[in-house]
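Before any comments, here is the structure.
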Ligand code: ANZ
Ligand code: ZN
């Protein structure tokens, strides 16, 4: 008997598969029902790693399953190939980012082939190809035309040494993550997408994803959108003689506490502070504002940092009490949330209480929560209770008081009910090279002019490389003068291109649409094809994308729906977040030296064993600790399964008298359960069932029945199809040994015989002269004569009847046998 050797199998089947082109989902006239299975596309940072191997193993199980079920499955692959790492590599190597990028893509593509992912290579795309980013730019202009893309000045994190903008995550303790220089804020003119227009819809439609997306992802999305319902209240600023009246508008979720407001705070960096501050305090404010610039949003909101602030020398009038409240500037109020100003209620808001204690401002409790007085305990109370010290609100519960306070300010015209979202517009411009150029031309006469469709794509210049790409504070594109200077498309005068490129999240917000017609040179996507394939039936990817990528994609889908280009509003019907692959309980990292190399694992244990190990390790949502799993064990199991096929192949014909019912039942039960398990992402349980089935087949063969029993062949074929979801090389070879044409991936899922699933036995009562003398467990379909034979020969009955003769046997199969004895 031949030995199982994964190297031979991998070498044998790869070329055959390439020839067969099994996963082409775009054949015309293919009228199988459709499924769209999508893995989050990879970033070409190097070769594939263990994390890819895990995620793609899961996506492949799902894709292959639906293929067996007779679906035309679109399972595409592409690369998210713009981005900063390529640019950094290019600076280091004095080359063009494209070199590094496309070399890595080739490496990854080769590894994906080896890893035997059932993908439709004809749909391959790269977001850095001009044929792709042309449409990214076109979509940008569609958004622009609808007012969903706009430019505004805004303060961004700025590292004065690196001369570059930093994301919030790149600012650590107020310093640049890379060089440690204190970060400042710089006002830059930046492009934004108006995601906030969609805040309510993005929130509402999360309900439809309940039960289909991981609940923690839904919670993260809800949090990120951060809807707060409350009121806007206007406080009139006490005017100097003759000065115009000014107001401070605040957002509060607790209008019921308005009688407890004892001071006001404006975000130090809000423009309003400059308007409000008195001359005497201006210098102090300016100094404070410089200090605030160095803080990240996270630090500003920290409850650990001591409170700081500056009195602006001004007072505002409480619209309900007429009381005079001092107006302060502080960092703990954010300029871009709500209205950028608050009424401070130190009795019931801890931040305000800390501030009041730091600056000796009054504290007044207005809700009696039964806890201690905040002025004494230093702990603000936020529970329910009756209103006190609150004029006409006294005695009301918190909820009633909120409603009543809103009514009161509404009547007086000093406020109204309002909703605020934490969600911000999406800052999409980057001062970087390796991204899709923003297709806008700036003309001194005409202003912003969209690049006409027939001039798309705005290609990246290819003569920039190495040091020319190093961060200088402006986009590297600004240095390419022949690229920048163009005639205005509108007036023909001298004009310049926008030199910023788009955030790579823009590229990935629509790639799932492009897969339906990746080579289309006429449009971004074919509306009809999109309608046929989308939404994506199953999306698979890491939880690190729980917020931004998924939110942006949802936003794009809704906006394109509103433009009449899509007929659905949610792009991903089901989402699976795989866990991480860790080692020795820790995330793999260079510094810990616990990295595991995918290529080395595949060399040692084979592709199939690695894939099977990933899937068998546990529920797909859980982390896989590579130290706890056994690819060697997986390989052993695969060899065992593979030998079954060999045994069947070499059996001397088929024994028609065979048909081991127990084995048949187990086979059909396994297949039936496997379907339900896969559809619920319980891939690991299916592997366990397949292992049990392999053991059962082996037992049947070894028990003497041999491999000639058709039940053995039936079981071996079922095992093969189950394994083809996980370990395609082994399965393909088993399929061939079982005498089939190559292409197990498209073999029909085994039919389940329902009658083999019904519960095994029923109880038959055996009576003698009308009295119960025995009970037998029999098959529900047992024939009358067989049941009679069983009943009359049972030990108990034979003993009871003794020498008396049987006169008559009445059989009501399968439940009752009545024996009449005697004369
Ligand atoms: C008075 C008050 C009394 C508040 C009270 C809370 C408790 P969420 O739920 O996160 O929306 N706030 C409003 N704008 C702010 C800003 N730009 N920066 C910092 N804080 C701001 O929080 C809403 C509450 O956060 C608002 O309600 C306001 O404080 C504060 F017992 O107003 B509250
Ligand atoms: Zn012009």
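Numbering (full-length UniProt numbering), first residue to last: 11 to 833. Virtual Cβ for every residue (Gly too), placed ideally from N, Cα, C. Here the structure is a predicted model, which means the values were calculated and not measured.
- Query: In whole angstroms, what separates the C-alpha of residue 666 from that of residue 710?
  - Reply: 16 Å
- Cα separation between residue 112 and residue 214? The straight-line gap from Cα to Cα measures roughly 40 Å.
- Secondary structure of residue 233, DSSP reduced to three states: helix
- Query: Which same chain residues, not among the five before or five after residue 405, have their C-beta less than 6 Å away from its C-beta?
  - Reply: 396
- Task: Put residue 393 into one of helix, strand or coil per three-state DSSP.
- Result: The answer is coil: DSSP assigns residue 393 none of H, G, I, E or B.
- Assuming residue 201 contacts residue 159 (C-beta within less than 8 Å), just tell me the rounded distance between them. 6 Å
- Hey, quick one: how far does the alpha helix (DSSP H) through residue 559 stretch, first residue to last? 558–572
- Query: Hey, would you say residue 648 sits closer than 8 Å to residue 608, going by beta carbons?
  - Reply: no
- Query: For residue 670, which three-state DSSP category applies?
  - Reply: coil
- Item | residue 350 (DSSP reduced to helix, strand or coil) | Of the three classes helix, strand and coil, the one that applies to residue 350 here is coil, per DSSP.
- Message: Quick check on residue 386: buried or exposed, where buried means 16 or more other Cβ atoms within 10 Å of its Cβ?
- Response: exposed
- Query: DSSP puts residue 163 in a beta bridge; with which residues?
  - Reply: 199
- Query: Going straight from the alpha carbon of residue 19 to that of residue 544, what length do you get?
  - Reply: 36 Å
- Item | Length-filtered (3 minimum) beta strand (DSSP E) runs lying within the stretch 445–479 | 450–453 and 457–460
- How many angstroms separate the CA atom of residue 793 from the CA atom of residue 576? If you take the alpha carbons of residue 793 and residue 576, they lie about 60 Å apart.
- So who's on the other strand from residue 546, going by DSSP bridges? 582
- Which of the three DSSP states, helix, strand or coil, is assigned to residue 156? coil
- Query: What is the chain-ordered set of residues for which the beta carbon lies under 5 Å from any non-hydrogen atom of the ligand ANZ?
  - Reply: 238, 261, 262, 263, 264, 267, 343, 344, 347, 348, 352, 355, 358 and 359
- For residue 512, which beta-bridge partners are listed by DSSP? According to DSSP, which records beta bridges pairwise, residue 512 is partnered with 439.
- CB-CB length for residue 376 against residue 245, believed under 8 Å: No, residue 376 and residue 245 are not in contact; Cβ-Cβ is about 17 Å, not under 8 Å.
- Candidates 278, 305, 272 and 307: closest to residue 294 by CA position: 278
- Task: Using the Cα positions of residue 335 and residue 434, report the straight-line distance between them to the nearest angstrom.
- Result: 30 Å
- In chain order, which continuous runs of the beta strand (DSSP E) of length 3 or greater are located wholly inside the stretch 233–296? 237–247, 256–262 and 273–277
- Task: Might you give, ordered along the chain, the residues of its own chain that have their beta carbon closer than 6 Å to the beta carbon of residue 415, omitting 5 neighbours on each side?
- Result: 265, 266 and 268
- Item | Pick from 809, 685, 597 and 821 that is closest to residue 59, judged by C-alpha positions | 597
- Residue burial classification, residue 176 (beta-carbon count within 10 angstroms, cutoff 16): buried
- Task: Return yes when the Cβ of residue 37 is within less than 8 Å of the Cβ of residue 568, no when it is not.
- Result: No.
- Query: Which residue's Cα is closest to the Cα of residue 450: 149, 766 and 359?
  - Reply: 149
- Query: Below 8 Å between beta carbons: does that hold for residue 429 and residue 512?
  - Reply: no
- Query: Where does residue 358 fall in DSSP's three states?
  - Reply: Residue 358 carries a coil assignment under DSSP once its states are collapsed to helix, strand and coil.
- Message: Using C-beta distances below 6 Å, list every residue in its chain close to residue 76, excluding the 5 sequence neighbours before and after it, in chain order.
- Response: 45 and 83
- Hey, would you say residue 571 sits closer than 8 Å to residue 582, going by beta carbons? no
- Buried or exposed: residue 424, going by 16 or more other Cβ atoms within 10 Å of its Cβ? buried
- Where does residue 335 sit, in a helix, a strand or coil, going by DSSP? strand
- Item | Three-state secondary structure assigned by DSSP to residue 329 | coil
- Query: Tell me, which residues are paired with residue 88 by DSSP?
  - Reply: 135
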